[in-house]
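Structure, as structure tokens:
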């Protein structure tokens, strides 16, 4: 059981980051390769202002870092293990979704 405040805070930050579909898409895009904000905005089909707000959230959560490249800034995952964590989390959720071993799933639609 998690009791250390820092462990709980880390998971809460990760959850906050994943709570928004655009931030999830950003993390998945950055899992593939580092990118500049203009390229990310184009790829996600959102305004640069909106993208900037989401990148700020991900930076505050400690999940992405801004890397200066000349006059531009490139974003990347703060640690390569985050890419593996995203893959593992996605695989686990898909496996649980496919399992549906809860006896109440069909009647109550709970699982």
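Numbering (my numbering), first residue to last: 284 to 394.
Every residue gets a Cβ at the ideal spot worked out from N, C-alpha and C, and that includes glycine.
Here the structure is a predicted model, which means the values were calculated and not measured.
If you compare alpha carbons, which of the options is closest to residue i?
{"i": "residue 365", "options": "316, 303, 356", "result": "316"}
{"i": "residue 326", "options": "376, 369, 342, 311", "result": "311"}
{"i": "residue 337", "options": "374, 306, 292, 373", "result": "306"}
{"i": "residue 304", "options": "375, 292, 322, 329", "result": "329"}
Tell me residue i's beta-bridge partners as DSSP assigns them.
{"i": "residue 365", "result": "DSSP lists no partner for residue 365."}
{"i": "residue 347", "result": "360"}
{"i": "residue 352", "result": "355"}
{"i": "residue 312", "result": "The partner list for residue 312 (beta bridge, DSSP) is empty, contrary to what the question assumes."}
Tell me which residues share the same chain as residue i and place their Cβ nearer than 6 Å to its Cβ, disregarding the 5 neighbours each side in the sequence.
{"i": "residue 319", "result": "355, 357"}
Within the same chain, show all residues whose beta-carbon is closer than 7 Å to that of residue i, passing over the 5 residues directly before and after it, in chain order.
{"i": "residue 353", "result": "none"}
{"i": "residue 368", "result": "none"}
Short of 8 Å in beta carbon distance, which residues of its chain neighbour residue i, apart from the five on each side in sequence? Order them along the chain.
{"i": "residue 370", "result": "314"}
{"i": "residue 362", "result": "none"}
{"i": "residue 302", "result": "none"}
{"i": "residue 350", "result": "317, 356, 357, 358, 359"}
{"i": "residue 347", "result": "309, 310, 313, 338, 341, 358, 359, 360, 361"}
> Any chance the stretch 342-349 sits against the stretch 293-302, with 3 or more Cβ pairs inside 8 Å?
Replying inline: yes
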